[in-house]
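Structure first, then comments.
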Amino acid sequence: MNTTKNYKHIFWDLDHTLWDFEKNADITLRLLFAQHSLAEVLQTNPDRFCELFSKNNHELWVLYNSSQINKNELRKLRFPRLFKRFGVSEKFVPPSIEDEYQTICRQQPHLMPNARLVLKTLQERGYQMHIISNGFQDAQAEKLVCANLDTFFQVLVTSESCSYRKPQKGIFLHTFQKCAAKAQESIMIGDNLSTDIAGANAVQMHNVWYNPNKEVNSSAEKPTFQIHDLAELLDICI
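Position one of the sequence shown corresponds to residue 89 (the working numbering), numbered consecutively onward.
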């Protein structure tokens with residue numbers, strides 16, 4: 089695959105790539121921790137609560153991305169599994185906490201560094217930009233609006249809206265058709281090697297691994313480009 093730069097369409101992942109999931113979730117979880125007096129229930133502190141939530145949530149999303157659980161199961165399991173990690177029965181999970189988490193978290197506006205600047209610059213350069221996400225349609229649409237990102241994108245495609253999940257080819261082919269785009273004139277930006285980069289490679293589309301933590305790539309997936317700051321994308325999409 090050559091690395092020419094005559095792109096017309098830029099496809100973005102949302103969570104962890106543009107929308108700062110960790111920060112937004114952290115704010116939400118600390119609020120819920122206080123509201124539900126979870127220090128008393130779980131015998132822990134907010135830092136540990138957020139840390140184990142992140143691990144638990146990641147494990148559930150791995151299961152979802154590999155089609156081992158569905159949307160309802162992910163949401164149903166999230167907090168009961170977390171409580172079990174603290175040795176606390178799921179009967180002590182506040183009945184409303186998952187809904188509260190959904191409502192509060194998706195309304196948080198925090199973005200990854202330089203995200204808005206990069207989107208604005210790329211929009212001014214004439215690129216057509218779209219979202220391809222394994223997230224859920226209702227949540228991702230609301231995040232875009234609440235973070236004032238919706239005006240940057242022509243199309244939002246989620247695993248829920250097309251019945252395919254990254255890295256399956258189907259979600260990319262569906263999005264190409266919806267956007268009237270071709271793989272050879274497109275590029276994908278995402279943080280996840282096993283979904284974003286693997287999926288883009290599968291359809292022979294150039295891609296950018298956004299790797300802000302400078303992790304070592306131990307996978308079989310080889311990204312076309314690797315960046316540690318979104319601003320570096322401006323030297324790729326010129």
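All C-beta atoms in this analysis are idealised placements derived from N, C-alpha and C, irrespective of residue type, glycine included.
Look at the segment 131 to 185 and you find these whole runs of alpha helix (DSSP H), each 4 residues long or longer: 134 to 153 and 159 to 173. The C-beta of F180 has fewer than 16 other C-beta atoms within 10 Å across all chains shown, which makes the residue exposed.
Taking each of W107, W100, H97 and K270 in turn and checking the Cα distance to K231, the smallest one comes out for W107. The alpha carbon of L148 has as its nearest neighbour, out of N133, R169 and R136, the alpha carbon of R169.
In this structure, DSSP gives V206 a helical state, which the three-state scheme calls helix.
By the neighbour-count criterion, in which a residue is buried when 16 or more other Cβ atoms sit within 10 angstroms of its Cβ, I326 is exposed. Taking C-alpha positions only, D114 is separated from N301 by approximately 18 Å. Given a length threshold of 4 residues, each whole run of the alpha helix (DSSP H) inside the segment 239 to 273 is given here in chain order: 247 to 250 and 257 to 267. Excluding residues up to 5 positions away in sequence, W107, D108, K111, N112, I115 and A235 lie with their Cβ nearer than 8 Å to the Cβ of H198 in the same chain. For T246, the number of other beta carbons within 10 angstroms of its own is at least 16, and it is reported as buried.
Judged by their CB atoms, Y152 and K143 are not nearer to each other than the 9 Å cut-off. DSSP places N112 within a helical segment (H, G or I) once states are collapsed to three. G278 has W297 as its beta-bridge partners, per DSSP. Around the Cβ of T105, a 10 Å sphere holds 16 or more other Cβ atoms; the residue is buried.
Cβ contact annotation for A286 (same chain, cutoff 6 Å, sequence separation greater than five): P255 and E309, in chain order. By the C-beta density criterion, P201 is exposed, having fewer than 16 other C-beta atoms within 10 angstroms. In summary, Q131 is exposed, with fewer than 16 beta-carbon neighbours lying within 10 Å of its beta-carbon over all protein chains present. Non-local beta-carbon contacts of E188 in its own chain, meaning distances under 7 Å to residues more than five positions away in sequence, involve L120 in chain order. One Cα belongs to F174, the other to P134, and the distance between them is close to 13 Å. By the neighbour-count definition (other C-beta atoms within 10 Å, threshold 16), Q156 is an exposed residue. Secondary structure note for Q314: it is in no alpha helix (DSSP H), and the uninterrupted beta strand (DSSP E) holding it is F313 to I315. Sequence-distant Cβ neighbours of C267 in its own chain, meaning closer than 8 Å and more than five residues away, are H97, Q216, H218, Q242 and V243.
Take F224, set aside five residues on each side of it, and the residues of its chain with a beta-carbon closer than 7 Å to its own are K159, T246 and E248, in chain order.
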